[in-house]
Structures are given as structure tokens and as C-alpha cells.
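The structure under discussion appears below in the form of C-alpha cells.
Protein chains: 2
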Amino acid sequence: MYRSHNCGELRAADANKEVKLAGWVQKSRDKGFMIWVDLRDRYGITQLIFDEARTDATIMQQAKSLGREFVIQVTGTVIERESKNANIPTGDIEVLVTELSILNEAQVPPFTIEDETDGGEDIRMKYRYLDIRRNPVKNNLLFRHNVTQEVRNYLSSLDFCEVETPYLIKSTPEGARDFVVPSRMNPGQFYALPQSPQTFKQLLMVAGMDRYFQIVKCFRDEDLRADRQPEFTQIDCEMSFIEQEDILQVFEGLTRHLLKKIHDIDIDAFPRMTFDEAMRRFGNDKPDIRFGMEFGELNRVAQHKDFGIFNTAELVVGIAVPGAASYTRKQIDELIDWVKRPQIGASGMVYCKCESDGSFKSSVDKFFDQEDLKKWASATGAQTGDLILVLSGPAFKTRTQLSALRMELANRLGLRKPNEFSPLWVIDFPLLEWDEETGRYHAMHHPFTSPKKEDIHLLDTDPGKVRANAYDLVLNGNEIGGGSIRIHDKETQALMFKHLGFTEEQAQEQFGFLMNAFQYGAPPHGGLAFGLDRLTAILGGQETIRDFIAFPKNNAGRDVMIDAPAAIDSAQLEELNIDLRASK
Amino acid sequence: MYRSHNCGELRAADANKEVKLAGWVQKSRDKGFMIWVDLRDRYGITQLIFDEARTDATIMQQAKSLGREFVIQVTGTVIERESKNANIPTGDIEVLVTELSILNEAQVPPFTIEDETDGGEDIRMKYRYLDIRRNPVKNNLLFRHNVTQEVRNYLSSLDFCEVETPYLIKSTPEGARDFVVPSRMNPGQFYALPQSPQTFKQLLMVAGMDRYFQIVKCFRDEDLRADRQPEFTQIDCEMSFIEQEDILQVFEGLTRHLLKKIHDIDIDAFPRMTFDEAMRRFGNDKPDIRFGMEFGELNRVAQHKDFGIFNTAELVVGIAVPGAASYTRKQIDELIDWVKRPQIGASGMVYCKCESDGSFKSSVDKFFDQEDLKKWASATGAQTGDLILVLSGPAFKTRTQLSALRMELANRLGLRKPNEFSPLWVIDFPLLEWDEETGRYHAMHHPFTSPKKEDIHLLDTDPGKVRANAYDLVLNGNEIGGGSIRIHDKETQALMFKHLGFTEEQAQEQFGFLMNAFQYGAPPHGGLAFGLDRLTAILGGQETIRDFIAFPKNNAGRDVMIDAPAAIDSAQLEELNIDLRASK
Numbered sequence: 007m008y009r010s011h012n013c014g015e016l017r018a019a020d021a022n023k024e025v026k027l028a029g030w031v032q033k034s035r036d037k038g039f040m041i042w043v044d045l046r047d048r049y050g051i052t053q054l055i056f057d058e059a060r061t062d063a064t065i066m067q068q069a070k071s072l073g074r075e076f077v078i079q080v081t082g083t084v085i086e087r088e089s090k091n092a093n094i095p096t097g098d099i100e101v102l103v104t105e106l107s108i109l110n111e112a113q114v115p116p117f118t119i120e121d122e123t124d125g126g127e128d129i130r131m132k133y134r135y136l137d138i139r140r141n142p143v144k145n146n147l148l149f150r151h152n153v154t155q156e157v158r159n160y161l162s163s164l165d166f167c168e169v170e171t172p173y174l175i176k177s178t179p180e181g182a183r184d185f186v187v188p189s190r191m192n193p194g195q196f197y198a199l200p201q202s203p204q205t206f207k208q209l210l211m212v213a214g215m216d217r218y219f220q221i222v223k224c225f226r227d228e229d230l231r232a233d234r235q236p237e238f239t240q241i242d243c244e245m246s247f248i249e250q251e252d253i254l255q256v257f258e259g260l261t262r263h264l265l266k267k268i269h270d271i272d273i274d275a276f277p278r279m280t281f282d283e284a285m286r287r288f289g290n291d292k293p294d295i296r297f298g299m300e301f302g303e304l305n306r307v308a309q310h311k312d313f314g315i316f317n318t319a320e321l322v323v324g325i326a327v328p329g330a331a332s333y334t335r336k337q338i339d340e341l342i343d344w345v346k347r348p349q350i351g352a353s354g355m356v357y358c359k360c361e362s363d364g365s366f367k368s369s370v371d372k373f374f375d376q377e378d379l380k381k382w383a384s385a386t387g388a389q390t391g392d393l394i395l396v397l398s399g400p401a402f403k404t405r406t407q408l409s410a411l412r413m414e415l416a417n418r419l420g421l422r423k424p425n426e427f428s429p430l431w432v433i434d435f436p437l438l439e440w441d442e443e444t445g446r447y448h449a450m451h452h453p454f455t456s457p458k459k460e461d462i463h464l465l466d467t468d469p470g471k472v473r474a475n476a477y478d479l480v481l482n483g484n485e486i487g488g489g490s491i492r493i494h495d496k497e498t499q500a501l502m503f504k505h506l507g508f509t510e511e512q513a514q515e516q517f518g519f520l521m522n523a524f525q526y527g528a529p530p531h532g533g534l535a536f537g538l539d540r541l542t543a544i545l546g547g548q549e550t551i552r553d554f555i556a557f558p559k560n561n562a563g564r565d566v567m568i569d570a571p572a573a574i575d576s577a578q579l580e581e582l583n584i585d586l587r588a589s590k
Numbered sequence: 007m008y009r010s011h012n013c014g015e016l017r018a019a020d021a022n023k024e025v026k027l028a029g030w031v032q033k034s035r036d037k038g039f040m041i042w043v044d045l046r047d048r049y050g051i052t053q054l055i056f057d058e059a060r061t062d063a064t065i066m067q068q069a070k071s072l073g074r075e076f077v078i079q080v081t082g083t084v085i086e087r088e089s090k091n092a093n094i095p096t097g098d099i100e101v102l103v104t105e106l107s108i109l110n111e112a113q114v115p116p117f118t119i120e121d122e123t124d125g126g127e128d129i130r131m132k133y134r135y136l137d138i139r140r141n142p143v144k145n146n147l148l149f150r151h152n153v154t155q156e157v158r159n160y161l162s163s164l165d166f167c168e169v170e171t172p173y174l175i176k177s178t179p180e181g182a183r184d185f186v187v188p189s190r191m192n193p194g195q196f197y198a199l200p201q202s203p204q205t206f207k208q209l210l211m212v213a214g215m216d217r218y219f220q221i222v223k224c225f226r227d228e229d230l231r232a233d234r235q236p237e238f239t240q241i242d243c244e245m246s247f248i249e250q251e252d253i254l255q256v257f258e259g260l261t262r263h264l265l266k267k268i269h270d271i272d273i274d275a276f277p278r279m280t281f282d283e284a285m286r287r288f289g290n291d292k293p294d295i296r297f298g299m300e301f302g303e304l305n306r307v308a309q310h311k312d313f314g315i316f317n318t319a320e321l322v323v324g325i326a327v328p329g330a331a332s333y334t335r336k337q338i339d340e341l342i343d344w345v346k347r348p349q350i351g352a353s354g355m356v357y358c359k360c361e362s363d364g365s366f367k368s369s370v371d372k373f374f375d376q377e378d379l380k381k382w383a384s385a386t387g388a389q390t391g392d393l394i395l396v397l398s399g400p401a402f403k404t405r406t407q408l409s410a411l412r413m414e415l416a417n418r419l420g421l422r423k424p425n426e427f428s429p430l431w432v433i434d435f436p437l438l439e440w441d442e443e444t445g446r447y448h449a450m451h452h453p454f455t456s457p458k459k460e461d462i463h464l465l466d467t468d469p470g471k472v473r474a475n476a477y478d479l480v481l482n483g484n485e486i487g488g489g490s491i492r493i494h495d496k497e498t499q500a501l502m503f504k505h506l507g508f509t510e511e512q513a514q515e516q517f518g519f520l521m522n523a524f525q526y527g528a529p530p531h532g533g534l535a536f537g538l539d540r541l542t543a544i545l546g547g548q549e550t551i552r553d554f555i556a557f558p559k560n561n562a563g564r565d566v567m568i569d570a571p572a573a574i575d576s577a578q579l580e581e582l583n584i585d586l587r588a589s590k
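Respectively, the protein sequence lines represent chains V and G. Take 7 as the starting number for the first sequence in this note's numbering and just add one per residue. Take 7 as the starting number for the second sequence in this note's numbering and just add one per residue.
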């Protein structure tokens with residue numbers, strides 16, 4: 007037995023016990039006649055003491071040789087400390103060492119194993135196995151484990167059955183790019199790694215499994231944006247004999263359960279907001295509602311004056327930034343530059359200060375008098391001391407720009423509090439979205455998403471207005487889950503394909519497999535998938551998913567720790583019946 | 007809401023309730039004036055009744071149109087049945103239907119959705135989504151879910167943390183063949199799918215995670231034998247600061263927990279048997295100890311007579327088949343033919359009947375008298391009425407042959423009872439095994455497996471005799487788990503590589519990555535992995551893993567349901583910088 011206790015559990019009540027501990031040397035302080043060593047393992051830190059007066063000389067000598075991150079095992083007696091350390095749970099005691107064994111020496115690590123390390127992102131990723139020794143990373147992984155355990159226990163208690171679906175499946179031309187796997191046994195043929203178990207979960211509903219879930223890796227070969235991973239984890243769920251309301255109830259319940267278990271936070275029924283409302287009020291289909299700065303539409307009060315830019319705009323819209331009337335010209339100019347950056351793309355921004363004396367001071371005073379500006383304040387909910395920022399232009403684009411500005415300001419003002427949680431459902435998403443490139447409508451979710459019955463008649467006349475039985479669960483400005491009620495009857499499916507511009511042959515070719523299965527008695531069904539990486543990060547009060555993944559890849563899709571991907575040898579290529587193309 | 011109850015929950019106490027049910031038509035009986043329909047969902051079957059005297063004529067007509075596997079929704083009143091059906095939990099009631107809605111029609115399924123179906127393996131796999139509607143398959147999937155939940159809860163309660171390791175990793179030349187994934191973003195380079203998370207779990211120990219587990223898919227591109235899958239699931243575990251005994255305790259605990267929770271079976275401490283003992287007593291390193299027929303070595307009592315075949319054999323060994331003295335000459339000849347098949351490869355078999363009058367009758371009576379044969383009976387533990395079967399030849403080969411015969415006879419005699427569970431540990435595996443092909447020793451487990459300290463001195467003189475800290479958990483004649491204590495110090499590792507015939511350069515090239523990580527303070531660690539597919543099958547009283555996988559592949563590695571693998575289009579190949587080789 008290597009240890010009688012771990013490094014996080016000894017207390018004053020254990021005084022005088024003989025114990026055996028093992029772990030890593032966090033640090034040591036050598037006063038010559040006395041040496042203290044902080045011994046660390048996953049569970050905590052325990053202070054060891056070596057004392058010339060009480061410790062064997064050989065051990066004393068050995069203790070002096072200990073370097074950072076050495077792995078050691080000690081036997082000793084628990085003694086109550088004279089000067090206690092209230093910062094750590096074991097701070098009341100220390101262990102007077104009587105036996106010391108160096109289990110493994112360690113080279114000096116390339117960065118310090120401390121909560122705040124001196125290692126940059128790159129070096130930490132290369133030595134991720136050392137990075138994980140640091141509390142913040144280690145705790146994130148433990149936290150993720152707790153989240154998944156709670157998810158599994160909750161869903162299992164509701165009769166959901168976790169079913170493993172295959173990883174070696176078939177490539178489909180629709181959607182994002184697949185990772186593929188050449189088959190040695192079937193020359194010239196390839197498996198694909200699943201982008202999601204969508205088809206299989208729908209088949210499991212046809213199969214009568216009724217309530218399915220799976221915490222499962224998914225793969226997308228996309229050009230990686232910051233904080234995207236080629237492999238990511240979903241909590242994938244599907245239910246039969248349900249309507250949208252049933253799904254919302256179950257997964258609202260799951261989210262409430264997580265918030266309660268993990269943060270002891272009670273949240274009542276989640277607000278629900280239609281897609282249209284979310285866009286109107288927040289310019290965003292995943293609004294962060296932890297703070298205000300809601301959009302005020304100003305068309306009525308700001309158009310038909312002499313300010314041509316507003317007059318020709320489809321939408322004039324503003325937000326009131328709390329307490330920002332005091333911003334200097336320089337600060338405001340910086341904000342104007344910020345929205346004019348290509349990533350945001352506004353052509354300019356109008357502002358109006360709500361001064362403490364009740365007056366207004368705007369960048370367009372030439373065109374708007376105090377009465378006009380008062381109406382702006384009223385439309386944006388601005389109070390004395392606030393700064394109104396106004397954008398104008400095409401409606402969708404302008405909303406998106408103002409939403410980006412709203413989030414930026416919220417970050418700067420510290421309004422996005424990591425330990426405050428404001429979930430909501432965004433519902434009634436459009437069924438279709440217009441694709442400029444192909445000049446036709448595409449399914450916004452996927453072609454099996456069901457339209458709202460009452461909107462089906464609009465498919466012929468105004469397809470963009472048809473709403474879907476599709477919903478997103480939004481938490482603190484992030485989409486953490488989304489799904490839909492699926493089409494399960496032939497007639498609606500045929501109608502959908504027609505409106506998506508598929509011929510019957512094309513539909514059969516691309517989706518024939520699932521459609522055929524549906525002919526054997528598909529139940530009404532629908533589901534939802536959570537992004538586990540993001541869900542965990544947000545529940546953990548953070549936004550970077552990489553910090554919640556044990557061995558993440560970088561933005562080039564590389565694992566810098568193991569140096570993958572890498573070349574493989576020619577014999578392997580030959581067996582797989584493939585050749586590399588000559589580089590161009 | 008599609009239903010107020012599921013099809014498995016109504017009881018006599020629900021009589022007179024108005025209920026809403028939904029499900030599939032299992033079957034219907036039409037007596038003209040009365041129609042009964044068995045409505046099925048995942049949870050059970052409820053009988054619906056349509057009665058001319060009480061049911062609306064339109065609904066009556068609709069009910070007549072219902073085909074097998076139609077998906078319907080009904081509203082009705084629960085009534086107590088006159089003739090109850092004790093075979094199903096809902097057998098006391100039926101539902102008198104007042105409203106009927108056909109949610110989806112169904113084509114006639116290609117095989118009957120019954121416990122005993124008329125569909126063969128191939129057709130059931132092609133329509134797996136219908137096969138899963140059958141109770142035996144559905145129950146296997148639910149059973150698997152329960153097993154994984156119990157595993158996760160048990161390990162979590164012991165502070166094990168489930169960590170997801172990456173699926174897109176790096177190909178390694180050692181071991182089985184990797185599946186590889188061409189990287190589009192890194193032309194000419196490939197990821198590999200993990201054969202197991204071995205490296206990552208050891209890195210997690212270096213990272214201080216202390217107790218790790220993961221239920222995880224693994225991939226091996228091997229020529230598939232019956233009941234092997236290219237993707238399979240492991241319960242992968244690793245612990246730090248432990249010795250072999252700690253691992254055995256924890257995972258014996260897990261197995262005991264599963265047997266208790268799933269079958270309410272209490273099992274005391276698992277027997278432990280060394281590899282040598284298992285081979286000697288059962289000719290097999292995964293002995294089925296639910297029954298006897300232990301090996302009796304006969305060298306001492308059967309050699310040095312005039313029977314040359316025995317005299318020149320390294321080993322003469324027999325088993326006593328209970329009650330088989332009554333076998334006819336034909337039956338015995340069939341057994342002799344059985345062991346002479348190329349799959350077994352014995353050149354012949356000697357038998358001896360233990361007759362009811364206490365005499366012995368053998369096929370070698372010419373060479374052995376009654377006194378000799380009595381010694382055979384004593385060595386094999388044969389009783390009156392038993393049949394002793396004896397093989398001879400090179401020790402390892404002969405044991406393997408006799409073990410196959412023992413298992414075959416146990417199957418025939420019904421001694422392998424599916425609901426009896428006899429786990430045991432097989433320990434002290436050899437560290438090295440001789441490879442005829444390369445003419446050198448290979449690591450039996452893997453090169454990081456630690457040798458027993460007391461055997462290290464044999465590495466130079468008798469390497470085949472060195473035992474490893476390696477162990478298998480065996481259940482009912484199947485290896486369900488296996489693992490080892492790893493080497494964590496440089497000196498032993500260097501010694502191992504030397505004896506495995508690696509130069510320092512080769513060792514660095516193939517294992518450098520992990521060895522480098524070890525330099526930063528590796529704790530003593532070890533672990534084990536269970537094969538979840540097999541574990542579940544055996545706990546479920548079966549041996550075919552395919553029956554416990556939702557969507558298995560066939561022996562050619564194909565998913566016949568989705569028809570994968572398949573060709574991909576040339577644009578995809580181009581993006582991936584690969585070409586297909588012209589077929590040879």
C-alpha cells in the first residue's frame with residue numbers, strides 16, 4: 007500500500023496518527039535545521055516537516071535533495087501545527103516525516119505547476135500532462151465528470167436509455183465536411199466519422215427505443231475558428247410520442263437539475279422567446295439576458311428629420327449603455343472605431359449622452375432637438391447618465407452589429423457575471439433560410455425538421471415566414487442546445503423536399519435510407535443535442551471550451567502534445583489502397 | 007400530449023380511468039363484432055378492444071384497417087378483463103377505445119416482430135431498426151445501459167474521474183493495425199483512431215488525475231473473426247500510487263457490485279489462480295470454473311509402459327467426462343474425429359470407460375492393465391460411470407487441445423449454465439513470450455508492463471520464466487478484463503527495452519513520447535480494461551457480443567443497414583490529397 011491517506015484529508019483530529027502519504031513535491035523551504043515540503047496530489051496539499059532535532063540525519067539529507075515535482079512517499083506522524091494555515095483544508099496539521107522514499111525524480115518542468123502559471127498556451131498544450139497538474143485545469147476535468155454524471159443520472163431516472171451508435175458510418179454529401187476512414191477490407195471505399203448521430207437516433211425512435219440519449223464524440227472537418235474543435239462532445243437526445251412542449255419540459259428539467267446540483271441555484275420556468283422577438287430585442291438568436299441594454303427601435307422617432315443616413319435606413323436602432331454618459335470623446339471614438347472594424351462592419355455610429363442635468367448631447371445635434379432625443383431615451387430605456395449608441399442600415403445586418411457591440415460593452419462593463427445563470431428557450435425558428443449563393447431556400451436546421459402546422463400554407467406564398475418546431479436552449483449568451491420536432495409522415499416530408507428544391511430522385515439518393523425506414527411505422531418524435539464542451543464551460547463560469555477538454559487540438563487541428571496528425575508509412579498506404587497526391 | 011400512460015403500466019387499479027395510449031400494432035384479432043388489438047411500445051403491451059355494441063361505427067371500420075406495425079394513438083377507458091392474461095403485467099385490463107388516430111401506416115415488415123422471429127441474421131441486420139423492436143434485442147440494449155450506469159456510479163463513488171481522451175490521435179507501428187484518417191488541413195498527414203487510450207491514460211496518471219476511467223470506443227483494423235468488431239467499447243481504467251493488490255480489490259469490487267445489482271448474486275472473494283496453474287489445471291488462461299473436468303496429468307502413471315505414443319510425449323493428460331462411460335463406440339469416434347479436425351489438431355485420442363462394476367475398459371487395454379487404469383481414474387478424478395479422454399504430445403499444444411475438448415463437452419452436457427457466474431483472477435502472466443517468426447521475445451501485454459521484482463534476475467538467464475505484474479479477470483471462460491502494473495522508473499524501462507531487443511534509438515522513436523513524459527515525475531501506476539461488449543453479453547447470460555450492440559458490423563466490417571463503407575466522390579478525395587490506387 008502506497009498511502010494510508012491522500013494529501014487532502016488529514017485534519018487536526020488525526021493528530022498523533024502514523025500515516026503514509028505519496029505525491030508530488032509542490033515546493034520545499036529549507037531553513038537548514040528544518041525543512042518543510044508541500045506534498046501535492048489530486049486531492050490537496052499536505053505539509054511535511056523534517057526537523058534536525060527529530061528526523062534521522064540520512065532522511066534530512068535526502069529531503070534536501072528533493073526537487074520540484076519529485077514523486078515521493080513518506081511515513082510520518084500527524085502533528086498539529088503551531089501556525090495554522092486557514093487557506094487549505096489540511097492547514098491545521100503537518101506530518102513529521104520518519105521515512106522518505108523517492109519514487110521518481112523529475113526534471114524541472116517547463117512551466118510552474120501553480121494556479122497562475124508562467125507557461126503560455128503553446129507550451130502548456132505541448133506538456134498538457136503537466137498542465138493538468140495545475141488546479142484550474144484539473145478542477146475543470148473533475149467538474150466535467152460531475153456534469154456528465156449528473157446528466158446521465160437525471161436522464162436515466164426518466165427512462166432514457168443510453169445507446170452507443172457507430173463511429174464508422176457513411177459519408178453524406180449534405181452539411182459540413184466529413185472526416186473519412188479508408189477501408190482496407192473494402193478497397194476504394196471509406197467510412198465516415200459521424201458529425202452527429204442524427205440518423206441513428208431517429209432510427210432508434212423507429213426502433214421503438216422511445217427515449218434515447220448518448221454522450222458521444224462527433225467530428226467535423228471544418229476550417230477551425232477560435233474555440234472550435236474537430237472532435238467535440240454532444241449530449242444527444244431523442245424522444246418518441248412527444249410534442250415540442252414535452253421536450254422543452256424534459257430538458258429544462260435537466261438544465262435546472264444541473265444548476266441546482268452544481269451551483270445550488272433554483273431557477274423557475276425558463277423564459278421563452280420567439281426567434282423574431284430575440285432578434286428584435288437583442289439582435290441575436292442567443293441573447294444574453296443577464297443584463298439589459300435591450301434594443302430600442304428608433305425608426306419612428308429618428309426618421310423623417312433631415313438626417314439622410316437614418317432616413318434611407320431600413321432600421322435605426324439603439325442601446326443605452328448604463329453610466330457611460332461620462333465617456334470622453336476619445337472613448338467614444340474608440341467605440342466607433344470598434345464597430346467600424348471589418349469584423350463588425352458598421353459604417354458609423356451616432357451617440358447621445360443623457361447628461362446629469364436632464365439634457366441630451368448627441369453627435370447629431372444639428373438634426374435632432376432635445377425633444378427628439380428625449381424620445382430616443384424613452385425608446386432605449388436610457389436613464390440619466392447613460393450613453394445611447396445608435397446604428398442604422400439593413401435590418402438584419404444592423405441588428406447583428408449592434409448585438410456585437412452590446413456584448414462587447416457588457417464584457418467591458420463586467421455585466422456578464424460568470425456565476426449568474428440566465429437560461430432561456432428561443433423558439434419558433436424559421437424553417438428555411440435563403441441562401442444567396444445557390445439562390446434557393448435551405449433547411450435552417452435540417453430537412454427533417456417539421457414546420458408549424460398553421461404555417462404550412464405559407465410554403466407556397468411566403469416560405470421565409472414559415473416557422474419550424476425548432477428550439478434552442480440559450481445560457482448566458484451561448485447556444486448550449488438545440489433541436490426540433492421531426493417530420494414523421496410521408497406527405498409533409500414530400501412537401502418539404504419539394505420546397506427545398508429536391509427532385510424525388512435526389513431526395514431518395516440523399517435521404518432514401520432514413521425515408522425507407524420511416525415506411526415501417528415511424529412514431530412522432532423529436533429531440534435535442536447539447537454541446538457538452540460549451541455547456542460545461544459555461545456552467546463552470548468560463549467560455550473557453552479548450553479549458554474543459556483534457557487533450558484539445560489547436561486551431562490547425564493539431565494535437566501538439568502527441569504531434570498528430572503525422573505521416574504514415576508507405577506499406578500502410580498500400581494496404582489501404584491509397585496514394586498521396588503529389589503536392590501542387 | 008400523445009399519451010397519458012405507456013403500454014406497460016396499466017393495472018386493475020386503473021379501471022374506469024380514461025387514458026390515452028400510443029404505440030405500434032403488435033397484432034389484431036377481428037371477430038367481426040369485436041376487434042382486439044395488442045398495442046406495443048418499449049414498456050409493454052396493452053390490449054385494446056373495439057366492440058360493435060360500444061364503439062362508434064367509424065372507429066370500428068378504422069380499426070379493421072389496422073395492419074401490423076401501424077403507429078396509432080387511442081383514447082379509451084380502462085376496463086377489467088373477463089379472461090385475464092397472467093403472462094403480461096397489463097393482463098388484468100384492456101382499454102375500450104373511444105378515439106383512434108392512425109399516426110403512421112407501416113409496410114409489412116420483412117420479418118415478424120416477435121421474440122422468436124422468422125428473420126435470419128442477414129435480414130435482421132439490414133433492418134436492424136425493426137430488429138430492435140423485438141424484445142430480446144431491445145432488452146439487451148436496456149441491459150447494456152444498466153450495466154454502464156452501474157459501472158459509472160460505482161467508479162465515481164470511488165473518486166474515479168471519467169476523462170474523455172481524443173479519438174483523432176497518431177498512428178503507431180506496434181500492435182494491431184490502425185484505422186487512419188487523412189487530414190485535409192495537413193496534407194499528406196493522417197490521424198489514427200485509438201486502439202485503446204493506453205498512452206493517454208498513462209499520461210493522465212503523470213498528470214496526477216490519480217483515478218481515471220472511461221467508457222470508450224476503440225478501433226482495430228483486423229481481419230475479423232466471428233464475433234469481433236472493428237469498433238468496440240472498453241471500460242478503461244487506471245490508478246496511481248497502487249500495487250497489484252489494490253487494483254484487484256477495486257475491480258473485484260466493481261464486478262461484485264455488478265453481479266449484486268444486476269442478478270442479486272453475492273460472490274465472496276474471487277479465486278486467484280496463477281497463469282501456470284490455470285494452464286495446468288484447465289489448459290487455458292481463461293478457465294471456465296463453473297464445472298469440473300479438471301486436467302489430470304498422466305505422465306507418471308501412463309508412461310514407461312509399451313505404448314510408444316505416450317512414452318515419447320512431453321505430456322499425457324486426461325479429463326473425466328461425467329456420466330459418459332455409456333457413450334457408444336460411434337459417439338466416442340465422433341469425439342475423436344472432433345479433436346482431429348484441423349481447428350483442434352490432435353493426432354488421436356485414447357479413452358477409458360469407468361464401468362459401473364468398477365472395471366475399466368480402454369482403447370489401449372493392450373498396454374495398460376486394470377491397476378494402471380485405476381491410476382488414470384484417480385489422477386483425473388474419474389468416478390464410476392465417467393469416461394476418461396486422454397491426449398498426448400507437446401505440453402502447450404496438448405493442453406490447448408484438451409481445453410477445447412473440455413469446453414465442447416461442457417457445452418454439450420449443459421454444464422455452462424448462463425445464469426451461474428464464476429469469476430476468477432488469473433495472475434502472474436509471463437512477461438515475455440517467444441515469437442517464432444522474429445526469433446525474439448515480445449512483451450506479452452505491452453512493453454510498459456512491469457516484471458515481478460523477484461524475477462528480474464531471470465531476465466538474463468531464463469527470460470521466458472519472468473512473471474509480470476499482469477492479471478486478467480475471467481468470467482465463465484471468457485477474459486472480460488485485463489491489465490498490469492506499469493513500469494514507472496527509467497532503469498526498469500531501459501532493462502525491458504534491452505531484453506525486447508530495442509536499441510535506445512528504436513525505443514525513443516517508438517515510445518519516446520511517453521518516456522519523455524515519465525521524466526517529469528511519473529507516479530507508480532497501473533490499470534485494467536474491461537471489454538464492455540463481452541462483459542455485458544456474459545452478464546446477460548449470452549456469449550454473442552453482436553446481440554448487445556445496437557448497430558453492429560458484419561464479418562467483412564460492413565454495416566449492411568447503412569451500406570458502409572462506400573465510395574466517396576472525387577472532390578472529397580482531392581480535398582484530402584489522396585488518390586485511389588488502381589486495383590491490381
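All C-beta atoms, glycine included, are put in the ideal place defined by N, C-alpha and C.
Looking only at C-alpha atoms, which of the options sits nearest to residue i?
i               : options                                : result
proline 400/V   : Phe373/V, Ser353/V, Lys372/V           : Ser353/V
histidine 452/G : Asn317/G, Glu580/G, Gly532/G, Gly546/G : Gly532/G
Can you list the residues of chain G that residue i reaches, using a CB-CB cut of under 8 Å?
i                   : result
phenylalanine 196/V : Pro571, Ala572, Ala573, Ile574
Along chain V, which residues have their Cβ under 8 Å away from the Cβ of residue i?
i               : result
glutamine 525/G : Ala112, Gln113
threonine 239/G : Glu170
Hey, how far is the Cα of residue i from the Cα of residue j?
i                : j                : result
tryptophan 440/V : methionine 450/V : 9 Å
serine 162/G     : serine 246/G     : 16 Å
How would you list, in chain order, the residues of chain G whose beta-carbon sits under 7 Å from the beta-carbon of residue i?
i                  : result
isoleucine 248/V   : Tyr8
isoleucine 462/V   : Under the 7 Å cutoff, chain G gives no residues; its nearest Cβ is about 18 Å from isoleucine 462/V.
phenylalanine 76/V : Gly527
So residue i and residue j are supposed to be a Cβ contact under 8 Å. How far apart are they, rounded?
i             : j             : result
glycine 289/V : leucine 479/V : Not confirmed; about 19 Å, so no contact.
For residue i, which residues in chain V fall below 9 Å Cβ to Cβ?
i               : result
glutamine 155/G : Arg158, Asn159, Ser162, Glu168
For residue i, return the contacting residues in chain G, with the cut-off set at a CB-CB distance below 9 Å.
i             : result
leucine 260/V : What leucine 260/V touches in chain G: nothing, since even the nearest Cβ is about 16 Å away.
alanine 28/V  : Ser246, Phe247, Pro529, Pro530
### Task
Please confirm if the region 506-514 of chain G is in contact with the region 198-207 of chain G, defined as three or more CB-CB distances below 8 Å between the two stretches.
no
### Query
Are at least three pairs of beta-carbons, each pair with one atom in the region 85-100 of chain G and one in the region 18-25 of chain G, less than 8 Å apart?
yes
### Query
Looking at C-beta atoms only, is the number of pairs between the region 523-530 of chain G and the region 68-83 of chain V that lie closer than 8 Å three or more?
yes
### Query
Is it a yes or a no for the region 278-285 of chain G touching the region 424-444 of chain G, going by three-plus beta-carbon pairs under 8 Å?
yes
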